[in-house]
Amino acid sequence: MTVPARPAPLFADIDDVANKLAETGYLPDTATATAVFLADQLGKPLLVEGPAGVGKTELARAVAQATGSGLVRLQCYEGVDEARALYEWNHAKQILRIQAGSAGLAGSAGGGDWDATRDDVFSEEFLLSRPLLTAIRRTEPTVLLIDETDKADIEIEGLLLEVLSDFAVTVPELGTITAERAPFVLLTSNATRELSEALKRRCLFLHIDFPDADLERRILLSRVPELPEHLAAELVRIIGVLRGMQLKKSPSVAETIDWGRTVLALGMDTIDDATIAATLGVVLKHQSDQIKASGELRLN
């Protein structure tokens, strides 16, 4: 099997990672910048785990944007299979070709013509690439995002193992397709189930939690620069209080940013109880969470 060429590193050092990601609006902590740098240098997939809304998917987008790479995303879900993740054949087009071939064979004893038709319908022309094969076949710099890996059935991990081990895909009718240029691979997991040890062994691991107040304030100001600093600090403080409650769904960093944009759009210069009550739906999407937060924040 041909080994894919080792691409030139995307980043010069850890500081380069931090600076380039910051230019996209993603402000990484030291652990995140280090993990991205090592994944790039070692050519290893990076498995990023953490609660929903901490910026795992956004990290892949930021790496792609910072390096000018194309982003290919496989969104995992229960029931995702090889046909959705890897490739499938264009059956409708194959049938049309077979019918056309059959018409040409009418009244002919040409068995060889049928053999040619059969071989033809399992050629590149009829192959539909899905995210994994698409990323393998790209010759340009590529970030492959395998999102919410834990939502896929455990059987799909066997498919991922071949891709992550050799950056190759086997199509029985065509042979093994090996990457000319290995992609930067980032897998995300919300830890709803334990991933297999075999898959973990092939990856570097990074756990991301919600940022501390100072980092989240800086993230908010980088994404909503028109927002006054005192409002940013107050919003982040309230978000921290909300995350400390036992809610169905804690506010994500993206929702913090949306809240900042909301306050700015409303022209508010202070965050009072009335403002919080009126805009709570921006950050809390379950009625039970809103009721609980209103009670604990004494907004009623």
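Under full-length UniProt numbering, the first residue of the sequence shown carries the number 1, and numbering increases by one thereafter.
A virtual CB, placed ideally from N, CA and C, is assigned to each residue, including glycine.
Give a single yes or no on whether LYS56 has its beta carbon closer than 7 Å to a heavy atom of the ligand SAM. Looking at this structure, you won't find the ligand SAM or any other ligand, since it has none at all.
Tell me whether PHE210 is buried or exposed, calling it buried when 16 or more other Cβ atoms sit within 10 Å of its Cβ. Under this definition PHE210 is a buried residue.
So, ASP150 versus THR192, is the Cβ gap smaller than 8 Å? With contacts defined as CB atoms closer than 8 Å, ASP150 and THR192 qualify as a contacting pair.
Rounded to the nearest angstrom, what separates GLY79 and LEU47 at their Cα positions? CA-to-CA, the gap between GLY79 and LEU47 works out to about 21 Å.
Going by Cα to Cα distance, which pick from VAL263, THR275, LYS249 and ALA278 is closest to PRO51? The candidate whose alpha carbon is nearest that of PRO51 is LYS249.
Give me the Cα-Cα distance between LEU199 and ILE208, rounded to the nearest whole angstrom. Distance from the CA of LEU199 to the CA of ILE208, rounded to the nearest whole angstrom, comes to 19 Å.
Which of helix, strand or coil does DSSP assign to VAL63? Correct three-state label for VAL63: helix.
Around the Cβ of residue 378, are there at least 16 other Cβ atoms within 10 angstroms (buried) or fewer (exposed)? The structure shown does not extend to residue 378, since the chain spans only 1 to 300, so no value can be given for it.
Which class does ASP81 belong to by DSSP, given the choice of helix, strand or coil? ASP81: coil per DSSP, three-state reduction.
Could you have a look at SER294 and say whether DSSP puts it in helix, strand or coil? Note: SER294 maps to helix in three-state DSSP.
Under the rule that 16 or more other beta-carbon atoms within 10 Å means buried, what is LEU21, buried or exposed? So LEU21 ends up on the buried side.
So, ALA60 versus ILE156, is the Cβ gap smaller than 8 Å? Contact: no.
Measure the CB-CB distance between GLU226 and LEU264 and report whether it falls below 8 Å. The answer is yes: Cβ separation under 8 Å.
Whose CA, out of PHE11, GLN287 and ASP147, lies closest to the CA of VAL36? Here the closest residue by C-alpha is PHE11.
Would you mind reading off the limits of the alpha helix (DSSP H) that contains GLN41? Note, GLN41: alpha helix (DSSP H), 30-42.
LEU9: buried (16+ other C-beta within 10 angstroms of its C-beta) or exposed? It should be noted that the sequence gives Pro, not Leu, for residue 9. If you draw a 10 Å sphere on the C-beta of PRO9, you find fewer than 16 other C-beta atoms in it, and that means exposed.
List the residues that DSSP assigns as beta-bridge partners of TRP89. TRP89 pairs with LEU127.
Would you check if there are 3 or more beta carbon pairs closer than 8 Å linking the segment 168-179 to the segment 27-45? No: the two stretches stay apart, fewer than three of their Cβ pairs being nearer than 8 Å.
Going straight from the alpha carbon of LEU299 to that of LEU280, what length do you get? Whole-angstrom Cα-Cα distance: 11 Å.
Applying the criterion that 16 or more other CB atoms from any shown protein chain within 10 Å of the CB defines a buried residue, is GLY110 buried or exposed? At GLY110 the pLDDT is 49, less than 50, meaning the model places this residue with poor confidence; the figure from the coordinates comes in the next sentence. Burial call: exposed.
Proximity to SER294 [Cα-Cα], best of LEU247, ASP147 and GLU180: Taking only the C-alpha atoms, the option nearest SER294 is LEU247.
What is the DSSP secondary structure of ALA168, reduced to helix, strand or coil? If DSSP states are grouped into helix, strand and coil, ALA168 belongs with the strands.
Check each candidate in GLN290, ARG223, SER222 and TRP259 and name the one with the smallest Cα separation from GLU234. The alpha carbon of GLU234 has as its nearest neighbour, out of GLN290, ARG223, SER222 and TRP259, the alpha carbon of TRP259.
Going by CA-CA distance only, name the one from ALA66, GLN75, LEU128 and LEU71 that's closest to GLU88. It is LEU128 whose Cα lies nearest to the Cα of GLU88.
Am I right that residue 301 and THR134 are in contact with their C-beta atoms under 8 Å? What's the rounded C-beta distance? Not covered by the structure: residue 301. The range shown for the chain is 1 to 300.
Contact belief for VAL169 with ILE146 at Cβ below 8 Å, rounded distance in angstroms: ILE146 and VAL169 do not touch by the CB rule: their CB atoms are close to 14 Å apart, not below 8 Å.
Cβ neighbour criterion (16 or more within 10 Å) applied to ARG130: Classification for ARG130: buried.
For HIS230 and ASP214, what's the separation of their Cα atoms in angstroms? Their backbone Cα atoms lie some 12 Å apart in a straight line.
What three-state label does DSSP hand PRO9 in the structure shown? Per DSSP, reduced to three states, the secondary structure at PRO9 is coil, with no helix or strand assignment.
So within the segment 212-268, which uninterrupted alpha helix (DSSP H) runs reach at least 4 residues, ignoring any that extend past its ends? Listed in chain order, the complete alpha helix (DSSP H) runs (minimum 4 residues) inside the segment 212-268 are 213-223, 229-243 and 253-265.
Report yes if the C-beta distance between ARG181 and GLY70 is below 8 Å; otherwise report no. No, these two residues do not count as a Cβ contact at 8 Å.
Which of the three DSSP states, helix, strand or coil, is assigned to ARG201? Per DSSP, reduced to three states, the secondary structure at ARG201 is helical.
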